[in-house]
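One structure is given here, and the rest of the page talks about it.
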Amino acid sequence: QVQLVESGGGLVQPGGSLRLSCAASGLSFSTYIMGWYRQAPGKQRELVANIKYDGTTTSADSVKGRFTVSRDNAKATATLQMNSLKPEDTAVYYCAATRPLSRTYWGQGTQVTVSS
103 QVQLVESGGG LVQPGGSLRL SCAASGLSFS TYIMGWYRQA PGKQRELVAN IKYDGTTTSA
163 DSVKGRFTVS RDNAKATATL QMNSLKPEDT AVYYCAATRP LSRTYWGQGT QVTVSS
């Protein structure tokens, strides 16, 4: 049974930082692309950043230079370091695991609120 468990969300002031973690189990972690998505109220879910098996990363323009995605294949974890947070970063953040010809697995989500 595949499980993705996010942690690290919370309330932070504008300009602050948060570190989200995703612990994966039940899958061959190193063969999956790990992604972070977010969904704000009334908006569609959007890709924030992802990281491939070889460490290649992709980030949304809105977070470039502020967010960094990483992975540890030995520990089956993916991390999203978020710096210089803005109110518009407020959303539920989801971890996802995907690979070609396979379904995408999702975590339950973690709330990130940026507010003074």
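In our numbering, the protein residues as written are 103 to 218.
Backbone N, C-alpha and C define an ideal beta-carbon position, used for all residues, glycine too.
Can you tell me whether residue i is buried or exposed? The criterion is at least 16 other CB atoms within 10 Å of its CB, across all chains shown.
i      : result
Leu182 : buried
Arg121 : exposed
Gly167 : exposed
Asp79  : In the structure displayed, the chain extends from 103 to 218; residue 79 sits before or after that span and is not available.
Gly203 : Per the sequence shown, the amino acid found at residue 203 is Leu instead of Gly. Exposed is the call here.
Gly157 : exposed
Taking 6 Å as the limit between beta carbons, can you name the residues of its chain near residue i, skipping five residues before and five after?
i      : result
Leu113 : Thr215
Gln141 : Arg147, Ala193, Val194
Ala125 : Val107, Thr179
Thr200 : Ile135, Thr206
Would the beta-carbon of residue i fall within 9 Å of that of residue j?
i      : j      : result
Ala176 : Ala162 : no
Ala178 : Ser127 : yes
Ser217 : Pro143 : no
Gly111 : Leu187 : no
Short of 7 Å in beta carbon distance, which residues of its chain neighbour residue i, apart from the five on each side in sequence? Order them along the chain.
i      : result
Leu149 : Gly137, Tyr139, Ala162
Val131 : Sequence inspection shows Phe at residue 131; the Val mentioned does not correspond to that position. Result list for Phe131: Asn175, Ala178, in chain order.
Pro189 : Pro116, Val216, Ser217
Check whether the region 135-155 touches the region 166-181, counting contact only when three or more Cβ pairs, one atom from each stretch, lie closer than 8 Å. Counting Cβ pairs under 8 Å, three or more are found: they touch.
Would you call the region 104-112 in contact with the region 194-214, where contact means no fewer than 3 C-beta pairs closer than 8 Å? The region 104-112, when compared against the region 194-214, does touch it at the 8 Å Cβ threshold.
Can you list, in chain order, the stretches of the beta strand (DSSP E) that have 3 or more residues and sit fully within the region 123-150? Counting only runs of 3 or more, we get 135-141.
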